[in-house]
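The structure appears below as structure tokens.
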Amino acid sequence: MDNQPSSSATRVAIAGATGRLGRLVSRLVEESPDFALTAGIGSQGDLDELGGADIIVDVTLPHVSPRIVDYAVAHGVNVVVGTSGWSGDRIETLRRTVARAPAVGVLIIPNFSIGSVLATSFAAMAARFYDSIEIVEAHAATKIDSPSGTAVRTAELMGAARSELGPVGAPHADQRARGQQVASIPVHSLRLQGIVAKQDVHFGGVGEVLTLSHETLSPAAYEAGILLALRAARTARGVTVGLERLLDLRFRIPGDPPAGRTSDGGTSGQAASATSA
Ligand SMILES: NC(=O)c1ccc[n+]([C@@H]2O[C@H](COP(=O)([O-])OP(=O)(O)OC[C@H]3O[C@@H](n4cnc5c(N)ncnc54)[C@H](OP(=O)(O)O)[C@@H]3O)[C@@H](O)[C@H]2O)c1
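See below:
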């Protein structure tokens with residue numbers, strides 16, 4: 001297979017190229033003829049090495065990431081952020097910055113695994129139907145931040161999905177063993193050898209428990225999402241958060257009218273189809 005980049009290849013520079021995720025992104029870029037790797041830096045690199053690329057990928061550390069993103073926005077370069085630690089507050093600040101740079105696109109992708117993103121989307125869909133919800137996430141012992149970015153995002157999306165219903169019931173949340181509350185939902189973080197990434201969202205109902213479970217078995221799970229984000233980053237504008245925004249998540253029950261049409265002949269948006277699901 002000819003993996004030489006084409007002359008029209010999108011130029012990609014990577015911050016965090018020497019790390020685990022950075023090495024994976026580097027390999028994918030080098031193997032894809034529609035991308036060309038122009039630079040890759042680690043902690044000792046100079047940010048200016050990233051200049052001149054069409055897209056900067058940031059896969060560094062939570063305290064480093066804002067500096068990389070600020071550099072990209074200031075230089076008018078679109079950026080894909082895989083680094084965790086981008087809380088809602090941090091993203092709001094970034095939105096204000098990017099609003100002053102309308103030609104720039106920032107994609108914040110807390111999880112490149114399509115299965116994980118689907119699990120988070122299903123959790124947001126289910127959140128309106130349960131008042132008792134808790135998250136248990138497990139990652140490698142080497143992961144320094146907790147809760148994970150995926151757990152924070154899952155909790156925030158569930159909180160937003162049930163905002164009209166108020167906080168979930170989280171009894172005795174003042175006790176440390178009851179986890180850290182995010183959008184009122186208790187999140188419990190395990191840091192264990194041998195684990196890549198696992199997340200269970202437990203929904204307690206009347207006479208039933210629903211558990212949505214996703215496990216990443218190998219970093220190969222990130223490959224499809226990384227390529228999807230890189231391709232979307234070519235034309236991105238503004239701040240986009242989450243791989244789910246790049247996926248077509250419409251769901252239709254067989255026998256229902258085609259999307260956009262209700263059974264009474266009217267038209268409906270995605271919210272109506274979600275309700276019918
Ligand atoms: N979105 C996702 O799906 C996903 C998946 C896995 C991990 N992550 C997140 O991605 C991030 C990276 O994970 P990882 O496992 O690859 O971590 P890692 O192996 O520790 O790599 C961190 C990288 O950041 C670099 N770095 C540190 N300080 C820097 C600085 N000041 N300027 C430039 N580069 C700097 C390191 O360079 P040196 O080698 O020189 O130290 C290294 O290349 C973490 O936040 C992790 O939680 C996200």
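In terms of my numbering, the sequence shown opens at residue 1 and continues consecutively. Don't be surprised by glycine CBs; every beta carbon is placed ideally from N, CA and C.
Worksheet item: Is it true that the CB of P186 sits closer than 7 angstroms to the CB of A170?
Response: As a position in the sequence shown, residue 170 is number 170, starting the count at 1. As a position in the sequence shown, residue 186 is number 186, starting the count at 1. Yes, they are a contact pair.
Worksheet item: Residue range of the beta strand (DSSP E) that T83 falls in?
Response: By one-based count along the sequence shown, residue 83 stands at place 83. Counting along the chain, T83 falls outside any beta strand (DSSP E), and DSSP gives it neither H nor E.
Worksheet item: With DSSP run on the structure shown, which of helix, strand or coil describes P186?
Response: If you number the sequence shown from 1, residue 186 lands on position 186. P186: strand per DSSP, three-state reduction.
Worksheet item: For V182, which residues from the same chain have a beta carbon less than 6 angstroms from its beta carbon, with the 5 sequence-adjacent residues on both sides left out?
Response: Working through the sequence shown from its first residue, we reach residue 182 at position 182. The answer, listed in chain order, is V152 and A155.
Worksheet item: With a cut-off of 8 angstroms, do at least 3 Cβ pairs link the stretch 208-222 to the stretch 5-18?
Response: no
Worksheet item: What runs of the alpha helix (DSSP H), each 4 residues or longer, lie entirely inside the stretch 38-100?
Response: 65-74 and 88-99
Worksheet item: ligand 1 heavy atoms versus the CB of Y71: any closer than 6 angstroms?
Response: Here residue 71 is taken as the residue at index 71 of the sequence shown, counted from 1. No, since every heavy atom of ligand 1 falls outside the 6 angstroms radius drawn around the Cβ of Y71.
Worksheet item: Between S26, V201, P167 and G88, which lies nearest to D58 when the distance is taken from Cα to Cα?
Response: Position 58 of the sequence shown, counted from the first residue, corresponds to residue 58. Selected option, being the one with the closest Cα: S26.
Practice prompt. Go ahead and pull the three-state DSSP assignment for V201.
Written response: The residue you call residue 201 lines up with position 201 of the sequence shown. V201 falls in the strand class under three-state DSSP.
Discussion item. Does S43 pass the burial test, meaning 16 or more other C-beta atoms within 10 Å, or should it be called exposed?
Written reply: Here residue 43 refers to the residue found at position 43 when the sequence shown is read from its first residue. Result: exposed.
Discussion item. Looking at the secondary structure, which residues open and close the beta strand (DSSP E) in which A224 lies?
Written reply: Position 224 of the sequence shown holds residue 224. Note, A224: premise wrong, no beta strand (DSSP E); alpha helix (DSSP H) at E223 to A233.
Practice prompt. Please classify Q199: is it buried, with 16 or more other beta-carbons within 10 angstroms of its beta-carbon, or exposed?
Written response: The residue you call residue 199 lines up with position 199 of the sequence shown. Label assigned to Q199: buried.
Worksheet item: Could you check where the alpha helix (DSSP H) with S26 kicks off and where it finishes?
Response: Indexing the sequence shown from 1 puts residue 26 at position 26. Where S26 is concerned, the enclosing alpha helix (DSSP H) stretches over R20 to E31.
Worksheet item: For F122, which residues from the same chain have a beta carbon less than 8 angstroms from its beta carbon, with the 5 sequence-adjacent residues on both sides left out?
Response: Residue numbering aside, residue 122 sits at position 122 when the sequence shown is read from its first letter. Cβ neighbours of F122 beyond the five flanking positions: L212.
Worksheet item: G242 by DSSP, collapsed to three states: which one?
Response: For this step, residue 242 is matched to residue 242 along the sequence shown. Here G242 sits in coil by DSSP.
Fill in: Enclosing alpha helix (DSSP H) for T120 [first to last residue]
Stepping through the sequence shown from its first residue, residue 120 is reached at position 120. It spans I114 to A126 - the alpha helix (DSSP H) in which T120 sits, taken as one unbroken run.
Practice prompt. Classify R11 as helix, strand or coil using the three-state DSSP reduction.
Written response: Walking along the sequence shown from the start, residue 11 turns up at place 11. Note: R11 maps to strand in three-state DSSP.
Worksheet item: With a Cβ-Cβ cutoff of 7 angstroms, do H75 and E134 count as a contact?
Response: Sequence index remark: in the sequence shown, residue 75 carries index 75 (1-based). Sequence index remark: in the sequence shown, residue 134 carries index 134 (1-based). Not closer than 7 angstroms, so no.
Discussion item. Within 10 Å of its beta-carbon, does L21 have 16 or more other beta-carbons around it, so buried, or fewer, so exposed?
Written reply: As a first step, residue 21 is located in the sequence shown; it is residue number 21 there, counting from the start. Buried, since its Cβ has 16 or more Cβ neighbours within 10 Å.
Worksheet item: Rounded to a whole number of angstroms, what is the C-alpha to C-alpha distance between L227 and Q180?
Response: Against the sequence shown, residue 227 aligns to sequence position 227. Against the sequence shown, residue 180 aligns to sequence position 180. About 33 angstroms.
Practice prompt. Closer than 7 angstroms by C-beta to D145: which residues in its own chain qualify, once you throw out the five before and the five after it? Chain order, please.
Written response: Residue 145 sits at position 145 when you count from the first residue of the sequence shown. Cβ within range, chain order: P62, S84 and G85.
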